[in-house]
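Only one structure is covered here, and it is reproduced in the block below.
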């Protein structure tokens with residue numbers, strides 16, 4: 244029978260606030276989750292917005308930049324490109340790659356280890372390189388160097404500088420051996436109180452993937468196990484605190500310090516190593532933080548061993564990229580979902596702009612080393628290519644999301660659809676599209692494209708204008724809100740939305756969605 248009722252409004256002001264979930268069946272999720280979340284992040288008010296663009300700051304060096312870092316004591320930046328290490332001067336776009344050092348390595352998968360004023364470059368199959376006060380040195384050729392006793396080729400795959408020493412492991416001859424240098428002398432590995440720990444007797448058959456200092460402890464990540472040592476300040480009193488069996492790290496460069504935690508990629512997804520708050524134990528429980536995209540990530544792990552990551556301090560983003568697949572996951576640690584996980588979205592890039600190396604710079608923020616051989620920053624709302632002599636080309640990119648199936652009743656009431664009303668902030672000139680799906684159909688029942696041209700407010704003041712604060716270079720915001728309405732037709736028990744927008748250089752965020760409908764047929 245037909246029931247006439249008043250128009251109802253479903254206010255979707257928390258649409259997708261918890262981010263991406265591809266693990267749970269869409270009918271079991273509420274509207275705070277997305278089933279697709281591409282090239283998006285969230286505003287401080289938890290509204291969906293575009294990721295920023297990647298702006299090239301250098302000419303291409305013709306090969307992918309496999310590793311990049313900022314050396315904080317000196318403020319210098321370094322990059323590994325195949326077998327050569329470079330300083331990178333980002334203030335000189337046309338001549339950014341300077342002071343090259345040919346290492347003899349066949350790859351550019353360097354790990355950078357800071358120890359006081361020096362920085363060391365490590366990768367398996369290559370001699371350790373030291374950079375000190377503008378000078379490159381192969382560590383084995385430096386004055387006073389002594390290799391670990393009994394080691395033919397000291398080529399550690401990973402290391403850390405802390406507790407007054409260098410710690411290194413994963414050498415080709417025995418990937419279970421952890422070596423540590425003499426106290427306050429990183430060139431001596433076989434004299435004084437330098438030494439080693441054979442982890443075969445700690446965790447069995449495994450290999451060292453990475454070494455980290457954490458909360459006054461030394462943490463050694465294997466592929467299947469994690470060993471944690473107390474008191475690394477004093478190797479004579481150093482003791483094994485805990486061995487976490489069956490959970491390790493599959494990618495050296497996935498490990499990032501996030502606040503008072505360590506994030507890393509295990510064979511089942513992204514995990515964190517976090518100290519419990521319980522007073523009766525000081526053990527380190529593991530927490531899985533990628534459960535909402537778990538199967539996707541496991542599939543990527545099986546198809547790409549080249550995994551890079553970075554923690555973007557100023558935005559609270561843990562970014563992890565499967566380099567060979569051009570798939571990048573973004574974990575927003577500023578937002579905790581009801582499941583106790585962090586909000587997730589995905590980024591992708593075109594035209595060789597995808598990151599093959601990432602770093603956070605105190606000077607420039609997030610840095611990418613691109614597949615196409617450029618170093619780029621994370622800014623603006625275009626992906627911007629640089630070809631020299633201050634010539635830039637803007638490339639729009641597409642942000643998109645899909646909602647879950649939203650129930651309009653109790654499963655037996657088919658509602659008459661009337662209108663969807665959206666309020667969008669900013670995004671001057673953005674080309675957008677909305678598709679509406681009904682009752683689990685694979686093709687949309689309604690499709691609309693529109694341009695976002697909000698009425699702007701604010702004045703972009705320039706240097707020294709009398710109305711600026713203290714006469715300084717203060718810019719007032721130029722923003723606007725746009726109300727976009729789309730008429731709907733027909734009836735449905737469940738409805739789903741897909742929306743995308745093509746950037747035109749301006750930030751845009753979805754403030755709210757409101758669905759208007761009338762309850763109709765009862766079955």
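In the working numbering, the protein residues as written are 244 to 766.
All residues carry an ideal CB built from backbone N, CA and C; glycine is no exception.
Residue pairing from DSSP leaves residue 599 without any beta-bridge partner.
565 is the residue among 565, 288, 281 whose C-alpha sits nearest the C-alpha of residue 546. Proximity to residue 451 across 434, 421, 475 peaks at 421, based on C-alpha coordinates. In this structure, DSSP gives residue 463 an extended state, which the three-state scheme calls strand. Taking the C-beta atoms as reference points, residue 723 is found nearer than 8 Å to residue 699. Bridge partners of residue 678 according to DSSP: 690, 741. Nearest to residue 539 by alpha-carbon distance, out of 571, 530, 372, is 571. When secondary structure is reduced to three states using DSSP, residue 543 falls in the helix class. Per the C-alpha coordinates, the member of 664, 663, 649 positioned closest to residue 657 is 649. Rounded to whole angstroms, the gap between the alpha carbons of residue 727 and residue 697 is 10 Å.
Three or more beta-carbon pairs separated by less than 8 Å are not found between the region 252 to 267 and the region 592 to 611, which leaves the two stretches without contact. Shown here, residue 625 sits in coil according to DSSP, grouped into three states, outside any helix or strand. Secondary structure at residue 538: helix, using DSSP grouped into helix, strand and coil.
When the Cα atoms are used, residue 688 and residue 321 turn out to be separated by approximately 52 Å. Residue 341 counts as exposed, since fewer than 16 other C-beta atoms from the protein chains shown sit within 10 angstroms of its C-beta. A contact between stretches requires three or more CB pairs, one per stretch, nearer than 8 Å, and the region 665 to 684 meets this requirement with the region 748 to 764.
Inclusion of residue 599 and residue 331 in the CB contact set at 8 Å is not warranted, their separation being larger than that value.
Of 406, 467, 395, 468, the smallest CA-CA separation from residue 433 is found for 395. Nearest to residue 607 by alpha-carbon distance, out of 397, 315, 567, 686, is 315.
Per DSSP, reduced to three states, the secondary structure at residue 301 is coil, with no helix or strand assignment.
In this structure residue 350 touches residue 366 by the C-beta definition: roughly 6 Å separates them, less than 8 Å. Inter-residue distance for residue 507 and residue 406 is about 22 Å (C-alpha atoms, whole angstroms). In its chain, beyond the 5 residues on either side, 253, 663 have a beta carbon closer than 6 Å to the beta carbon of residue 758. Residue 445 carries a helical assignment under DSSP once its states are collapsed to helix, strand and coil.
In this structure, the beta-carbon distance from residue 628 to residue 635 falls below 8 Å.
For the options 468, 493, 498, the alpha carbon positioned closest to that of residue 486 is the one of 468. Residue 659 and residue 761 do touch by the CB rule: their CB atoms are close to 4 Å apart, below 8 Å. DSSP places residue 481 outside any beta strand (DSSP E), giving it a letter other than H or E. Shown here, residue 338 sits in a helix according to DSSP, grouped into three states.
CA-CA distance, residue 531 to residue 385, rounds to 43 Å. The DSSP-derived three-state label of residue 272 is coil. In terms of Cα proximity to residue 286, the closest of 408, 575, 311, 301 is 575.
Residue burial annotation: residue 449 is buried, with at least 16 other C-beta atoms found within 10 angstroms of its C-beta. Rounded to the nearest angstrom, the Cβ distance from residue 326 to residue 301 is 19 Å, too far for a contact under 8 Å. Within 10 angstroms of the beta-carbon of residue 280 lie 16 or more other beta-carbons, which makes it buried. Shown here, residue 496 sits in a helix according to DSSP, grouped into three states.
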